[in-house]
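Trainee: In the working numbering, the protein residues as written are 79 to 260. Ideal Cβ positions, reconstructed from N, Cα and C, are used throughout, including at glycine. Have a look at the structure that comes next, please.
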């Protein structure tokens, strides 16, 4: 039997600071927020994208559209080991992303495969002018040449560890922890 030991590395206050830092960086690097669309990768990326949009509204007094991207059909591990098909929840992007600056948002950047799938899914929808990547946590161990433009926290991990992100909207609290599998 596998036992998991969990160590909290980011609490609610640190998570809020990290998302605020990402928000300021988005404004600075894009020289404003014109033609900006945030697209969260299901599931936790959506909640992080919404929080960034809320902070952008507080700082810039502009509503930024937030979309939801389901990458289930684009993953290279689309079939599960027990032969079941992936559950498809659908994407919902409320505005056209054609010619826009899209910021793809996810909770954890690991191998890069999720982001590759998200890029494929976005390009099937339309052709944005630019796509950037914002992640709450970058844990390393890339298998593809993908890097985030905006990172809340770099948390180096070993291969026998996992990052667990919890958000208030789904889990009842905000925190990031490392789980070591023994």
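Taking 8 Å as the threshold, find out whether the stretch 139 to 154 comes into contact with the stretch 204 to 214 through three or more Cβ pairs.
Mentor: No, the stretch 139 to 154 does not touch the stretch 204 to 214.
Trainee: Can you name, in chain order, every residue of its own chain whose Cβ lies under 8 Å from the Cβ of residue 121, other than the five neighbours on each side?
Mentor: Within the chain shown, residue 121 is the residue found at index 43, counting from 1. If we look at residue 121 and ignore the five residues flanking it on each side, its Cβ neighbours are 248.
Trainee: Alpha carbon to alpha carbon, how far is residue 116 from residue 180? Give it in angstroms, no decimals.
Mentor: Counted from its first residue, the chain shown places residue 180 at position 102. Counted from its first residue, the chain shown places residue 116 at position 38. Rounded to the nearest angstrom, the two C-alpha atoms are 6 Å apart.
Trainee: In terms of residue numbering, what span does the alpha helix (DSSP H) encompassing residue 90 cover?
Mentor: Reading the chain shown from its first residue, position 12 is the one you call residue 90. Unbroken alpha helix (DSSP H) run through residue 90: 90 to 107.
Trainee: Which residues mark the beginning and the end of the alpha helix (DSSP H) in which residue 123 is found?
Mentor: Walking along the chain shown from the start, residue 123 turns up at place 45. Counting along the chain, the alpha helix (DSSP H) containing residue 123 begins and ends at 122 to 138.
Trainee: Taking just the CA atoms, how far does residue 142 sit from residue 135?
Mentor: Taking the first residue of the chain shown as 1, we reach residue 135 at position 57. Taking the first residue of the chain shown as 1, we reach residue 142 at position 64. Taking the straight line joining both Cα atoms gives about 7 Å.
Trainee: Only counting the same chain, and skipping five residues up and downstream in sequence, which positions put a Cβ closer than 7 Å to that of residue 190?
Mentor: Taking the chain shown and counting its residues from 1, one reaches residue 190 at position 112. Here the set comprises 220, 221, 222, 224.
Trainee: Taking buried to mean at least 16 other C-beta atoms within 10 Å of its own C-beta, is residue 91 buried or exposed?
Mentor: Taking the chain shown and counting its residues from 1, the one referred to as residue 91 is at position 13. Result: exposed.
Trainee: Assign residue 262 to buried or exposed, taking buried as 16 or more other Cβ atoms, counted over all protein chains shown, within 10 Å of its Cβ.
Mentor: Examination of residue 262 is not possible in this model, given that the chain is present from 79 through 260 alone.
Trainee: Tell me which residues share the same chain as residue 192 and place their Cβ nearer than 7 Å to its Cβ, disregarding the 5 neighbours each side in the sequence.
Mentor: Along the chain shown, read from residue 1 onward, the residue named residue 192 stands at position 114. Correct list, in chain order: 119, 149, 184.
Trainee: Just to confirm, is the Cβ distance from residue 215 to residue 233 under 8 Å?
Mentor: Taking the first residue of the chain shown as 1, we reach residue 215 at position 137. Taking the first residue of the chain shown as 1, we reach residue 233 at position 155. Yes, Cβ-Cβ distance for residue 215 and residue 233 is below 8 Å.
Trainee: My guess is that residue 258 and residue 86 are in contact by the Cβ rule of under 8 Å, so how many angstroms apart are they, rounded?
Mentor: For the purposes of this step, residue 258 is taken as residue 180 along the chain shown, with counting starting at 1. For the purposes of this step, residue 86 is taken as residue 8 along the chain shown, with counting starting at 1. Residue 258 to residue 86, Cβ: 13 Å. No contact.
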